[in-house]
Amino acid sequence: MQQTASIPLPADWRDFFALTKPRVMSLVIFTGLCGLLAAPGHINPVLGFTAVLCIALGAGGAAALNQWWEADLDAGMKRTAGRPLPGGRMARTDARDFGIALSVASVIVMGLAIGWLAAGILAFSIFYYAVIYTIWLKPRTPQNIVIGGGAGAFPPMIGWVAVTGDITAMPVLLFAIIFFWTPPHFWALALFVQSDYAKVGIPMMPVVKGHRSTRRQILAYAIVLVPIAAAPWFIGGTGAVYGIAAVILSLAFLGFSLPVAFRNPVDGDGMKPEKRLFAFSILYLFALFGVLVADRLLAAYGVIA
3 MQQTASIPLP ADWRDFFALT KPRVMSLVIF TGLCGLLAAP GHINPVLGFT AVLCIALGAG
63 GAAALNQWWE ADLDAGMKRT AGRPLPGGRM ARTDARDFGI ALSVASVIVM GLAIGWLAAG
123 ILAFSIFYYA VIYTIWLKPR TPQNIVIGGG AGAFPPMIGW VAVTGDITAM PVLLFAIIFF
183 WTPPHFWALA LFVQSDYAKV GIPMMPVVKG HRSTRRQILA YAIVLVPIAA APWFIGGTGA
243 VYGIAAVILS LAFLGFSLPV AFRNPVDGDG MKPEKRLFAF SILYLFALFG VLVADRLLAA
303 YGVIA
């Protein structure tokens, strides 16, 4: 396996920013903000900004720790070889210390400014991603992304708890939506970068169980996601605007999953169905949580009952 550079070049702010996985963080920030805005009650805008900032810092810290631990694995994969550590632009200890500093600061500020329940969930989410997923699950089981998907499902729950101070059915359902969305989203990616994972020995589902099993599981999760995404409407936690949009979006997600599930892996189409599903899955989550907030605002201003 290719090793990271032993004498790293001086890192600049762009390298530290890259450690936070900004594209992934954008989804984390968005879902955390939506959880905060959709929650019943009100929060001071400054405190709301602080809560979302802490979610972002915690996610960035966990991502930095992930890259610190997996630096040599990243060096062996084409998709990640240009990251700061495998690219030789930063010492591994700097990435580790940066990740720890962001993680600890985010939890302390969240606890002092918002509340210790939200801070505790944030701390657990960081531990879940950096230790349970990265160190324990990812190198050991093809179910890594299924169980590890919980790490990315915490932000809307944290945002909700920052406003309400307690955990009810609604934040649990928001957690469940992302939890069940993650496997088909990530396995769609894994199908067209399978060789990268196989090269470095990561037991992703397509590598261990093959394409056929992975595709069937993508479809199964897409089917389950339909009622789970609509569940906030069923329990009366949202209005019809969210409920109808959730059903339509989830059926579209299912529609994008069908050609992936029944595609012959030897078809020479450049994995187009998988890439379309992966791209739509990102749009799906942004749209679903955006409509959640819109539904809440429409109800708050009396536009809908």
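Residues 3 to 307 (the working numbering) are what the sequence shown spells out, left to right. For every residue, glycine included, the Cβ atom is placed at its ideal position computed from N, Cα and C. Note that the coordinates shown come from a computational prediction; the quantities given were computed from them, not determined experimentally.
Open item on the list: I'd like to know whether the C-beta atoms of V54 and G84 end up nearer to each other than 9 Å.
Closed with: Stepping through the sequence shown from its first residue, residue 54 is reached at position 52. Stepping through the sequence shown from its first residue, residue 84 is reached at position 82. Cβ distance not < 9 Å, so V54 and G84 don't count as in contact.
- [ ] In the DSSP assignment, find the unbroken alpha helix (DSSP H) run with W15 in it and report its ends.
- [x] The count along the sequence shown starts at 1 and reaches residue 15 at position 13. Where W15 is concerned, the enclosing alpha helix (DSSP H) stretches over 15 to 21.
TODO: Using alpha carbons as the reference points, say which of L124, W118, T216 lies closest to Q145.
DONE: Working through the sequence shown from its first residue, we reach residue 145 at position 143. Taking only the C-alpha atoms, the option nearest Q145 is T216.
TODO: Have a look at P173 and F264 and give me their C-alpha separation to the nearest angstrom.
DONE: Indexing the sequence shown from 1 puts residue 173 at position 171. Indexing the sequence shown from 1 puts residue 264 at position 262. For P173 and F264, the distance between alpha carbons rounds to 34 Å.
TODO: With distances taken Cα to Cα, identify the nearest neighbour of Y286 among W183, A302, Y199, F194.
DONE: Walking along the sequence shown from the start, residue 286 turns up at place 284. The shortest C-alpha separation from Y286 is found at W183.
- [ ] Let me know if Y199 comes out buried or exposed under the rule of 16 or more other beta-carbons within 10 Å of its beta-carbon.
- [x] Locating residue 199 in the sequence shown gives position 197, counting from the first residue. Its Cβ being crowded by 16 or more others within 10 Å, Y199 is buried.
Open item on the list: On a Cα-Cα basis, can you pick out the residue from L299, F258, D96, M27 that is closest to P275?
Closed with: As a working mapping, residue 275 is identified with position 273 in the sequence shown. Of L299, F258, D96, M27, the residue nearest in Cα terms is F258.
Open item on the list: Can you confirm whether the region 15 to 24 touches the region 199 to 215 when touching is taken to mean that 3 or more C-beta pairs between the two stretches lie within less than 8 Å?
Closed with: no
- [ ] For D171, I'd like the list of residues in its chain whose CB is within less than 8 Å of its CB, leaving aside the five on either flank, ordered along the chain.
- [x] Residue numbering aside, residue 171 sits at position 169 when the sequence shown is read from its first letter. It is Ala, not Asp, that sits at residue 171 in the sequence shown. Closer than 8 Å at the Cβ level, and outside the excluded window around A171, lie I237, G239.
Open item on the list: Between which two residues does the alpha helix (DSSP H) holding G257 run?
Closed with: What you label residue 257 is simply residue 255 of the sequence shown in a count that begins at 1. Element bounds for G257: 242 to 263.
- [ ] Please state if the CB of L104 and the CB of R308 are separated by a distance shorter than 9 Å.
- [x] Residue 308 lies beyond the residue range present for the chain, which begins at 3 and ends at 307; the question has no answer from this structure.
Task: Helix, strand or coil at M92 according to DSSP, with G and I counted as helix - done: What you label residue 92 is simply residue 90 of the sequence shown in a count that begins at 1. Correct three-state label for M92: coil.
Open item on the list: Across the region 150 to 167 and the region 192 to 210, are there enough close Cβ pairs to call them in contact, namely three or more that are closer than 8 Å?
Closed with: no
- [ ] Thinking L332 and L191 are a contact (beta carbons under 8 Å), I'd like their distance in whole angstroms, please.
- [x] In this structure the chain extends from 3 to 307, so residue 332 is not present and cannot be described.
TODO: Indicate whether L124 and D168 have their beta-carbon atoms separated by less than 9 Å.
DONE: One-based indexing of the sequence shown puts residue 124 at position 122. One-based indexing of the sequence shown puts residue 168 at position 166. No; because the gap between Cβ atoms is not below 9 Å, this pair is not in contact.
Task: Proximity below 9 Å, CB of G43 to CB of V106 - done: As a working note, residue 43 is residue 41 in the sequence shown. As a working note, residue 106 is residue 104 in the sequence shown. In this structure, G43 lies away from V106, with their beta-carbon atoms at least 9 Å apart.
TODO: Sort G245, A254, M79 by Cα distance to P234 and report the nearest one.
DONE: What you label residue 234 is simply residue 232 of the sequence shown in a count that begins at 1. Ranking the options by Cα distance to P234, first place goes to G245.
TODO: Please report how far the alpha carbon of L294 lies from the alpha carbon of F32, in whole angstroms.
DONE: On the sequence shown, position 292 is the one that residue 294 refers to. On the sequence shown, position 30 is the one that residue 32 refers to. Those two C-alpha atoms are separated by around 12 Å.
Task: 9 Å Cβ cutoff met for I116 and C56 - done: For the purposes of this step, residue 116 is taken as the residue at position 114 of the sequence shown. For the purposes of this step, residue 56 is taken as the residue at position 54 of the sequence shown. Yes, the pair counts as a contact, with Cβ atoms nearer than the cut-off.
TODO: For the alpha helix (DSSP H) containing W183, list its first residue and its last residue.
DONE: Taking the sequence shown and counting its residues from 1, the one referred to as residue 183 is at position 181. First-last of the alpha helix (DSSP H) with W183: 171 to 194.
Open item on the list: Considering just the uninterrupted stretch of the alpha helix (DSSP H) at M159, what are its terminal residues?
Closed with: On the sequence shown, residue 159 is found 157 positions in, with the first residue counted as 1. Unbroken alpha helix (DSSP H) run through M159: 152 to 166.
TODO: Please determine, among P12, A41, R16, S28, the residue with the shortest C-alpha to C-alpha distance to D301.
DONE: In the sequence shown, residue 301 corresponds to position 299, counting from 1. Sequence check: residue 301 is Ala here, not Asp. Minimum Cα distance to A301 is reached at A41.
Task: Contacts around I220, its chain only, beta-carbon distance under 8 Å, and the 5 residues preceding and following it disregarded - done: As a first step, residue 220 is located in the sequence shown; it is residue number 218 there, counting from the start. So the qualifying residues of the chain are P185, P186, W189, A190, S259, V262, A263, L279.
Open item on the list: What does the Cβ neighbour count give for P12, buried or exposed, with the cut at 16 atoms within 10 Å?
Closed with: Looking up residue 12 in the sequence shown gives position 10. Its Cβ having fewer than 16 others within 10 Å, P12 is exposed.
Open item on the list: According to DSSP, is R81 part of a helix, a strand, or is it coil?
Closed with: As a position in the sequence shown, residue 81 is number 79, starting the count at 1. Of the three classes helix, strand and coil, the one that applies to R81 here is coil, per DSSP.
- [ ] Take A222 and list the residues in its own chain whose beta-carbon comes closer than 6 Å to its own, dropping the five residues that flank it on each side.
- [x] Within the sequence shown, numbered from 1, the residue matching residue 222 stands at position 220. Counting only Cβ-Cβ distances below 6 Å, and skipping sequence neighbours, we find nothing.
Task: L285, DSSP secondary structure in three states - done: Your numbering for residue 285 matches position 283 in the sequence shown. It is helical.
Task: Closest residue to I160 among G122, F255, I102, V133 (Cα-Cα distance) - done: In the sequence shown, counting from the first residue as 1, residue 160 sits at position 158. Nearest of G122, F255, I102, V133 to I160, Cα basis: G122.
Task: Reduced DSSP secondary structure (H/G/I, E/B, other) of L87 - done: Walking along the sequence shown from the start, residue 87 turns up at place 85. Per DSSP, reduced to three states, the secondary structure at L87 is coil, with no helix or strand assignment.
TODO: Please classify T95: is it buried, with 16 or more other beta-carbons within 10 angstroms of its beta-carbon, or exposed?
DONE: As a working note, residue 95 is residue 93 in the sequence shown. With a 10 Å radius around the Cβ and a threshold of 16 neighbouring Cβ atoms, T95 comes out exposed.
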